[in-house]
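Novice: Dumping the structure here so I can ask a few things about it.
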Amino acid sequence: MAPMGIRLSPLGVAVFCLLGLGVLYHLYSGFLAGRFSVFGMGGEPAGGAAGPAAAADGGTVDLREMLAVSVLAAMRGGDEVRRVRESNVLHEKSKGKTREGAEDKMTSGDVLSNRKMFYLLKTAFPSVQINTEEHVDATDQEVILWDRKIPEDILKEITTSKEVPAESVTVWIDPLDATQEYTEDLRKYVTTMVCVAVNGKPVLGVIHKPFSEYTAWAMVDGGSNVKARSSYNEKTPRIVVSRSHAGMVKQVALQTFGNQTTIIAAGGAGYKVLALLDVPDQNQEKADLYIHVTYIKKWDICAGNAILKALGGHMTTLNGEEISYTGSDGIEGGLLASIRMNHQALIRKLPDLEKTGHK
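With the UniProt record's numbering applied, the sequence shown covers 1 to 359.
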């Protein structure tokens, strides 16, 4: 008798092979789709695929990654600002009048910087709200991919990631702070800025100076690459104020702090905040307080507020109220910024400044 064996049905072998091939095809095609999506070749837009995976479904975003992209955005915008200014072809025009009656100017530097900064951040983090000073032309989109690399100086200061819900985040961009001074070729005042607020509170701030290529950044409860100075003069402070209303502040400041008080008239809110800090820039003036008495936009101050807060400083309205970075794009109550001082005591010394600013 012949030895017993297992007889395989040719049809069964064929079915088994087809099933195996189907499984392999499914796994391999999924792998390729995942690889291609990194380059914007999947079903989603290329910009969305380049951002953090968690942000693609509106879930969470990593604040450390947001800081890295914000620094890159401020620098990319700064490159445009510098290039346009050095070409001396600004295409300057007016957007209208400010509340104080001054021309609200815009240049090619503002527009081109805004495009670089906005689309870099929007491509990396498509689920977050981004507010910017300049209009974003939807027909002029630019996909700018982030290489997902976090700079070493950020990794050194902020050693772990920090996830927050994407819906809680608002980004504020100022693509060119101190446009008036930019048109006058007063380059030291010019900055580009990015701020990230979570539930209305400023937590990430970046201020970049395009013409000295200095960048300050900080994360609240995280780390920073900038620090406060070793001392400040609270009795007879040097006060940095806007060039447009220096006289208005000077009158009240002299009454409050005495005749030894120094008023520094400067352009740009970013520049004024840096004046309070230890900044290695020979063109950066030093001040002890920053006071503003008129209406101001939130993209002008959010980054500076975040940096000061991260370093233990304060930026409030002249009534001492915290500034919320949600809702409207401006604040009415003026502002006072300080660091390593008794902020509330300073508020009590300046009871009439807000009224002065609305005269």
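For every residue, glycine included, the Cβ atom is placed at its ideal position computed from N, Cα and C.
Along the alpha helix (DSSP H) that carries residue 343, what are the first and last residues, could you check?
Specialist: Taken as a continuous stretch (DSSP letters only), the alpha helix (DSSP H) holding residue 343 covers 343-349.
Novice: Considering only residues of the same chain and omitting the five flanking positions on each side of residue 78, which have a CB-CB separation below 6 Å?
Specialist: Correct list, in chain order: 192, 208, 210.
Novice: Is the beta carbon of residue 110 less than 8 Å from the beta carbon of residue 179?
Specialist: Yes.
Novice: Leaving out the 5 sequence neighbours to the left and right, which residues in its chain are closer than 6 Å to residue 297 when beta-carbon positions are compared?
Specialist: Here the set comprises 329, 330.
Novice: Restricting to Cα atoms, I'd like to know which of 118, 115, 190 is closest to residue 267.
Specialist: Out of 118, 115, 190, 190 has the C-alpha closest to the C-alpha of residue 267.
Novice: Flag this pair as yes or no: are the beta carbons of residue 169 and residue 129 separated by less than 8 Å?
Specialist: Against a cut-off of 8 Å, the Cβ pair of residue 129 and residue 169 comes out as a contact.
Novice: Could you tell me which of 278, 94, 270 sits nearest to residue 175, measuring between CA atoms?
Specialist: Among 278, 94, 270, the Cα nearest to that of residue 175 belongs to 270.
Novice: Kindly indicate which three-state DSSP category residue 129 falls into: helix, strand or coil?
Specialist: DSSP places residue 129 in strand when its eight states are reduced to three.
Novice: Could you give the distance in angstroms between the alpha-carbon of residue 283 and the alpha-carbon of residue 61?
Specialist: Each residue's alpha carbon lies about 36 Å from the other.
Novice: May I ask you to list the residues that DSSP assigns as paired with residue 157?
Specialist: Paired residue(s): none; residue 157 is not in a bridge.
Novice: My guess is that residue 160 and residue 145 are in contact by the Cβ rule of under 8 Å, so how many angstroms apart are they, rounded?
Specialist: With 8 Å as the limit, residue 160 and residue 145 do not qualify as a contact, their Cβ atoms being about 25 Å apart.
Novice: For the beta strand (DSSP E) containing residue 172, name the first residue and the last one.
Specialist: First-last of the beta strand (DSSP E) with residue 172: 169-177.
Novice: Near residue 279, what residues of its chain come up, given a Cβ to Cβ distance below 8 Å and the 5 sequence neighbours on each side ignored?
Specialist: Taken in chain order, the residues that qualify are 214, 216, 226.
Novice: So, using beta-carbon positions, are residue 224 and residue 218 closer together than 8 Å?
Specialist: Yes, they are a contact pair.
Novice: Which parts of the stretch 232-268 are runs of the alpha helix (DSSP H), unbroken and 4 residues or longer, counting only runs that do not cross its ends?
Specialist: Segments of the alpha helix (DSSP H) lying fully in the stretch 232-268: 246-257.
Novice: Consult DSSP for residue 201 and reduce its assignment to one of helix, strand or coil.
Specialist: Looking at residue 201 - three-state DSSP - the assignment turns out to be strand.
Novice: Assign residue 116 to one of two classes, buried (16 or more other C-beta atoms within 10 Å of its C-beta) or exposed (fewer than that).
Specialist: Flag for residue 116 reads buried.
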